[in-house]
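Trainee: The structure's right below; bear with me while I get my questions together.
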């Protein structure tokens, strides 16, 4: 599929693409391949070999696995690695890995020599269905996540679903939650595919189909709002509560788990407003995902975190709700009363 | 004047604008004002006072003066200062100072929370006529200058020529060289204004007029080529030799001085090709500028640096020449012979 930003770029999904497609998708001769230790061990050498066989000169840069790599210190060191190796302005950066590698590699690409070509080769389900599409790059600061970054669209996204085979189930589920969210927002037929039999060892046709349809939702939203000024906010469905739960847990709760709770919460708030009743459907999905337990917290704490979120957005607490599947709306007239009632109901329903 | 990029922004030149215009030009309520020690001492407090009087909440951040501040270390520390103070996404960054503060502050603005509003308040002649217009931001790496950065256009440029009164003459002359270059490229009537009586204590009308006309040249070029893919390269007139001279001197030679030599050199190469003879005119200006002596070097050394420049641009050594005043051309079929002959002539002419 194409992502219709300017210039447009392609998202290609399928098995074996790291070797079959990536070397020809990358048109630059000099490339820096950024990956993490885990992905590098599993796929690094064969990607280097495939790029080299296509006549490219490849610099392999391996960072530690985990969110800690989204740091200014590692960013600085990568930039200096590129400069020391003399990556030219018409070279390229490829991010091979999950969301962390994509965010870090993308920010390096966005800012090295004021921007070089960038390619996403996502290897986690979350990165395939969500993070690799849309051009958000970023680093964390001690003061918070993603406080530094740039919008920098990739030239192409190459999602090789064969890499999902070795993805731990817990990580696979994190991506599944975002795919489910995309289904709720704009692809109802996707929802049924995300249940029984949906696992890293599912047939490649099913993996390819679900990833492609879910990424297509992200691509369509991004194309209509590249810099997150309007409808791109719909992608925050489930994230208002999720961010608060993550913060309340000291970021011990995984993001996908938090969003799974957040989707039920949004359904509860929506039902309270008389929108279509999506509570049972989201609860059923939540149970299937089997997230880590809710962090021990109370509404006052969560509400304080939600209000901090609001401040960052300049004015009103805004929340994405669903009038029905496929019909997201943004509401900004939420009372503490209804927010607290929905929280009480969520705790009762679990 | 307006800079016709998307969105367009205004460049306003005149005396007293830091107090009279800046507070109303900046529409955001929360602002971070980045300046250096020297400029901060001269103008910092009254700018803070003017912004505060206009109802804004101001965080003043003072960095050491000099190119050393364009570092990843200082960048990191500024980002954390902003995050610790909670500058929101709808806040703004103002750079008050010369090119270093503008480049550093601009890159902070481009990347804090993936980009916040940015304003340029240039206080050096070089920053007014050149660096503050065009959206280039950047940091240096140990491996080279401006190897990190982003294109990030300011929302407005407010050039208060009263700040030129206290600018050291040597620094004033550095800016004069770029203004002269703009005259050669596209504003012949500017050339006559940059001689006798052109100094920090010139009448404000003359300061305002020259800065405005010179910045207008930059604005027109930038508007037609925001991301430096085509005609923006014309601004490199005189810079091919200049960068080599700076490198050969270990960056002891000031940039403006180097460009003054480079403008004569370009005239010599151009005359050798049968273009209009601008050698005497550029030499006369060079003598008036009275730059530091040429670094002790030879053509082989300079040529090696020029070729490294070429590599960075991917292919041919490209040089900007003038068919005549106001008629820049880019040539890429330069022989070593003609480059060396022009160098020998430059040494002989001095």
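Residue numbers (this note's numbering), protein chains in the order written: chain A, 12 to 361; chain B, 12 to 361. Note that beta-carbon positions come from the ideal geometry of N, C-alpha and C, so glycine has one too. These numbers were taken from a predicted model, which means no experiment stands behind them.
(1) If the cut is a Cβ gap below 8 Å, which residues of chain B does residue 161(A) touch?
(2) Please classify residue 56(B) as buried or exposed, where buried requires at least 16 neighbouring CB atoms within 10 angstroms.
(3) In chain order, what residues of the same chain have a beta carbon less than 6 Å from the beta carbon of residue 356(B), not counting five sequence neighbours either side?
(4) How far does the alpha helix (DSSP H) with residue 331(A) in it extend, from its first residue to its last?
(5) Short of 6 Å in beta carbon distance, which residues of its chain neighbour residue 183(A), apart from the five on each side in sequence? Order them along the chain.
(6) Assuming residue 158(A) and residue 128(B) make a contact with CB atoms under 8 Å, what is their CB distance in whole Å?
(7) In the DSSP assignment, find the alpha helix (DSSP H) that holds residue 228(B) and state where it starts and stops.
(8) Less than 8 Å between the C-beta atoms of residue 222(B) and residue 172(B), yes or no?
(9) Which one or two residues does DSSP pair with residue 108(B) in a beta bridge?
(10) Along the alpha helix (DSSP H) that carries residue 23(B), what are the first and last residues, could you check?
(11) For chain A, find out if any of its Cβ atoms is closer than 8 Å to the Cβ of residue 94(B); answer yes or no.
(12) Show which residues of chain A have a CB atom less than 7 Å away from the CB atom of residue 91(B).
(13) Counting along the chain, where does the beta strand (DSSP E) carrying residue 339(A) start and finish?
(14) Could you give the first and the last residue of the continuous alpha helix (DSSP H) run that contains residue 185(B)?
(15) Return the chain-ordered ranges of every beta strand (DSSP E) run that is complete within the region 27-86 of chain A and spans a minimum of 3 residues.
(16) Is there a Cβ of chain B sitting closer than 8 Å to that of residue 31(A), yes or no?
(17) Would a check of beta-carbon distances place residue 297(A) closer than 8 Å to chain B?
(18) Please report the distance separating the alpha-carbon of residue 4(A) from that of residue 85(B).
(19) Output needed for residue 26(A): all residues of its chain with C-beta closer than 6 Å, excluding positions within five of it in sequence on either side, in chain order.
(20) Provide the residue(s) that pair with residue 149(B) in DSSP beta bridges, ordered along the chain.
(21) Could you pull the start and end residues of the alpha helix (DSSP H) that residue 171(B) belongs to?
(22) In three-state terms, what does DSSP make of residue 103(B)?
(23) Using only CA atoms, which one of 245(A), 298(A), 117(A) lies nearest to residue 340(A)?
(24) Out of 163(A), 284(A), 141(A), which one is the CA nearest neighbour of residue 229(A)?
(25) Would residue 268(A) be called buried (16 or more neighbouring beta carbons within 10 Å of its own) or exposed?
(26) Is any beta-carbon of chain A found at less than 8 Å from that of residue 87(B)?
(27) Name the chain A residues that come within less than 8 Å of residue 149(B), Cβ to Cβ?
(28) Tell me, please, which residues DSSP counts as bridged to residue 14(A).
(29) To the nearest angstrom, how far is it from the Cα of residue 115(A) to the Cα of residue 103(B)?
(30) Does the Cβ-Cβ distance between residue 150(B) and residue 81(B) come in under 8 Å?
(31) In chain B, what lies closer than 7 Å to residue 332(A) by C-beta?
(32) Grab the span of the alpha helix (DSSP H) containing residue 98(B) for me, first residue to last.
(33) Could you check the C-alpha separation between residue 249(A) and residue 87(B) for me, to the nearest Å?
(34) Assuming residue 260(B) is part of the alpha helix (DSSP H), what are its boundary residues?
(35) Just checking: is the beta-carbon of residue 158(B) within a distance shorter than 8 Å of some beta-carbon in chain A?
(36) Please list, in chain order, all residues of the same chain as residue 293(B) whose beta carbon is under 7 Å from its beta carbon, the five residues on each side excluded.
Mentor: Quick answer:
(1) Taking the beta carbon of residue 161(A) as reference, the chain B residues within 8 Å of it are 121, 122, 125, 126, 161, listed in sequence order.
(2) If you draw a 10 Å sphere on the C-beta of residue 56(B), you find fewer than 16 other C-beta atoms in it, and that means exposed.
(3) Cβ within range, chain order: 279.
(4) In the DSSP assignment, residue 331(A) falls outside any alpha helix (DSSP H) and within the unbroken beta strand (DSSP E) covering 330-335.
(5) Cβ within range, chain order: 136, 211.
(6) Contact between residue 158(A) and residue 128(B) does not hold, since their C-beta atoms are separated by about 16 Å, which reaches or exceeds 8 Å.
(7) 215-235 is the extent of the alpha helix (DSSP H) around residue 228(B).
(8) Judged by their CB atoms, residue 222(B) and residue 172(B) are nearer to each other than the 8 Å cut-off.
(9) Paired residues: 133(B).
(10) Boundaries around residue 23(B) are those of the beta strand (DSSP E), 20-25, since no alpha helix (DSSP H) includes it.
(11) Residue contact check for residue 94(B) against chain A: a CB pair falls below 8 Å.
(12) Result: 152, 153, 154.
(13) Its beta strand (DSSP E) spans residues 338-342.
(14) Its alpha helix (DSSP H) spans residues 180-197.
(15) Counting only runs of 3+ residues, the beta strand (DSSP E) found wholly inside the region 27-86 of chain A occupies 41-47, 68-74, in chain order.
(16) Not an interface residue.
(17) So no, residue 297(A) is outside the interface.
(18) Chain A is shown from 12 up to 361; residue 4(A) falls before or after that span and cannot be answered.
(19) Excluding positions up to five away in sequence, the list reads 172, 173, 215.
(20) Partner(s): 160(B).
(21) Looking at the DSSP string, residue 171(B) is not in any alpha helix (DSSP H); the run it does join, the beta strand (DSSP E), is 167-171.
(22) Looking at residue 103(B) - three-state DSSP - the assignment turns out to be strand.
(23) Restricting attention to 245(A), 298(A), 117(A), the CA atom closest to the CA of residue 340(A) is found in 245(A).
(24) Out of 163(A), 284(A), 141(A), the CA that lies nearest to the CA of residue 229(A) is found in 141(A).
(25) Burial is judged here by how many other beta carbons sit within 10 angstroms of a residue's own beta carbon; residue 268(A) has at least 16 and is buried.
(26) With 8 Å as the cut-off, residue 87(B) counts as an interface residue toward chain A.
(27) Those are 125, listed as they occur along chain A.
(28) Assignment of beta-bridge partners to residue 14(A) by DSSP yields 20(A).
(29) Distance between the alpha carbons of residue 115(A) and residue 103(B): 25 Å.
(30) Going by C-beta atoms, residue 150(B) is nearer than 8 Å to residue 81(B).
(31) None at all; the shortest Cβ gap to chain B is about 22 Å.
(32) If you look at residue 98(B), you'll find it isn't in any alpha helix (DSSP H); DSSP assigns it neither H nor E.
(33) Residue 87(B) has its alpha-carbon roughly 32 Å from the corresponding atom of residue 249(A).
(34) Counting along the chain, residue 260(B) falls outside any alpha helix (DSSP H), and DSSP gives it neither H nor E.
(35) Answer yes: the Cβ-Cβ gap between residue 158(B) and chain A drops below 8 Å somewhere.
(36) Same-chain partners within the cutoff: 274, 275, 278.
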